[in-house]
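No gaps in the numbering here: position 119 of the sequence shown is 556 in our numbering, and each next residue is one more.
Heads up, the beta-carbon is just placed ideally off N, CA and C, and yes, glycines get one too.
Report on the structure given below.
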Amino acid sequence: MSLPRDKNVSYYAREVPEIPDATKKILEKYSKIPPEQVNSHCFKIRDEAWEIYPYPCIGTFRFLDVSVSRFPNYDEIIQRLRTNNQVLLDLGCCFGQDLRHFVYDGAPSENLYGCDLRLDFMNIGYDLFLDKNTLKSKFLAADVFDDQSALETLKGKIDIIVSSAFFHLFDLERQKVVARLVVRLLKPRKDSLLVGRQIGNLTPMRREYKHRPGTHVFRHNVETWKEFWNEVGEETGTRWDVQAELEGHQRMPVPSQTQEEIVDGDMRWLVFAVRRLE
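Next comes the structure, spelled out in C-alpha cells:
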C-alpha cells in the first residue's frame, strides 16, 4: 500500500475556489449534482486524483476551469462537431472536462476522443461528471513520445485537436515531437485544426521545471509560437496559419502570490489556433 501524498505544499488548495459558471452549469445540469453538493463533490474527486499523482493542476483545482468555451473559434468548433460529423481529440485531456463541455453543447459524444498518460485520471472523470453509463467518447492511455502507442490507430482520422496546458510541459525538442504527432493525427487536408492554451511569456524563456528537477520547459510568446509552426511545416511538408494571443496576467489561476511558479510578471496564458492551409 502506497503512502498518502504530501498535502503540505503550496499548490494543494485547502478549499474549492470559486467554480467558473460554465463548469458549474455542466456539473449541475449535465451531471445532475445538486448545487449545494457541487463543492464537496469536487473536493472529494480532487483528493482521489491527488493520491494518483499530485500535479499542481490537480492540487489547485485548475481542472475546473473549462477554458474551451472562451476560445475565439469555439463556435466554429461546436458547429463542425454538431453538423459535419467531425472527429475531435483532446490531447492531454486529464479528466476529460473539455470533452464534457462539447457534449453539453450538443456534440455527439461518440465522435470525441480523449488521451492522457494515465488512464486513472480519465476514469476519475467518470466519477467527477457521473456519466460512466451515458458518455460514448473513447479514452486512450498513451505516451505521446512512444511511436507505437494507441494514438497511432488515429493517424489521419482527426479533424480537430484540443491541447490545453500540454505543450508547455516540455522543452522545444520534445514540443517538436508532439507537433509532428499532431500533424500525423490530423486529417491531411485544409482546415484541420489544433486549438488550445498553454503557459506563455511576454519574453520567451527556457526554464527548469521545479516539479521535475533536472528537466526543462519552454514558454513561447506569440512570435516564437508562429516560428515554431513554420519550422514544423517545413519539416513535415505542410503549411499552417497560426492565430495566437497572450491573455492578461490576471487570468492566470494560482493558489497564492507567493508560489514559486510565478517567475515574474511576464507569465501569461497563450491561447492559439493552428489551422492547416494545405
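Taking contact to mean at least 3 C-beta pairs separated by less than 8 Å, is the segment 651 to 663 in contact with the segment 622 to 631? Look at the beta carbons and you see the segment 651 to 663 not touching the segment 622 to 631: under three pairs across the two are nearer than 8 Å.
Which residues bound the beta strand (DSSP E) around I597? Start and end: 597 to 599.
Looking only at C-alpha atoms, which of V614, L618, G674, H605 sits nearest to Y646? For Y646, the nearest C-alpha among the options comes from H605.
CA-to-CA distance, S506 to I636, given in whole angstroms: In a straight line, the C-alpha of I636 is about 18 Å away from that of S506.
Tell me the rounded alpha-carbon separation between R712 and N445. Taking C-alpha positions only, R712 is separated from N445 by approximately 43 Å.
Please return the same chain residues whose Cβ sits closer than 6 Å to the Cβ of V632, not counting the five positions on each side in sequence. Closer than 6 Å at Cβ, skipping near neighbours: F508, V599, A710.
Continuous beta strand (DSSP E) assignments of at least 3 residues falling wholly in the segment 559 to 621: DSSP runs (the beta strand (DSSP E)) wholly in the segment 559 to 621: 575 to 578, 597 to 599.
Can you tell which of L714, K575, M704, N476 has its C-alpha closest to the C-alpha of Q680? Considering only alpha carbons, the answer is L714.
Would you mind sorting R451 into buried or exposed? The rule is 16 or more other CB atoms within 10 Å of its CB. With fewer than 16 Cβ atoms within 10 Å of its Cβ, R451 is classed as exposed.
Is the Cβ-Cβ distance between L622 and S574 less than 8 Å? Pairing L622 with S574 gives a Cβ-Cβ distance that is not under 8 Å.
What does a CB cutoff of less than 8 Å around L588 pick up in its chain, not counting 5 residues either side in sequence? Cβ neighbours of L588 beyond the five flanking positions: C552, L577, A579, V581, L618, L622.
Sub-8 Å separation of D564 and I514 beta-carbons: Against a cut-off of 8 Å, the Cβ pair of I514 and D564 comes out as no contact.
What runs of the alpha helix (DSSP H), each 4 residues or longer, lie entirely inside the segment 463 to 531? Along the length of the segment 463 to 531, whole alpha helix (DSSP H) runs at least 4 residues long occupy 475 to 489, 493 to 496, 511 to 520, reported in chain order.
Taking the C-alpha atoms as reference points, what is the distance between N476 and D458? N476 and D458: Cα-Cα distance of roughly 13 Å.
Near P692, which residues of its chain fall below 7 Å by C-beta distance, leaving aside the five closest residues on each side in sequence? With a pLDDT of 46 at P692, under the threshold of 50, the predicted position of this residue should be treated as unreliable, though the coordinate-derived value follows. Within the same chain, S447, Y448, A450, T497 come within 7 Å of P692 by CB-CB distance, once the 5 residues on both sides are set aside.
Apart from the five residues just before and just after G562, which ones in its own chain have a Cβ nearer than 6 Å to its Cβ? Excluding positions up to five away in sequence, the list reads F532, G533.
Buried or exposed (CB count within 10 angstroms, at least 16 for buried), Q738: Residue 738 is absent from the model: the chain starts at 438 and stops at 715.
Considering only residues of the segment 625 to 680, which uninterrupted beta strand (DSSP E) runs meet the minimum length of 3 residues and lie entirely inside it, listed in chain order? Runs found: 630 to 638, 642 to 645, 653 to 656.
D458 by DSSP, collapsed to three states: which one? Three-state result, D458: helix.
Assigned exposure category for R643 - 16 Cβ within 10 Å defines buried: When all chains shown are included, R643 counts as exposed.
Can you give me the Cβ contacts of C494 inside the same chain, cut-off strictly under 8 Å, excluding the 5 residues immediately before and after it? Only F500, C531, A602 meet the Cβ criterion.
Taking only three categories from DSSP, how would you classify L536? Taken through DSSP and simplified to helix, strand or coil, L536 comes out as helix.
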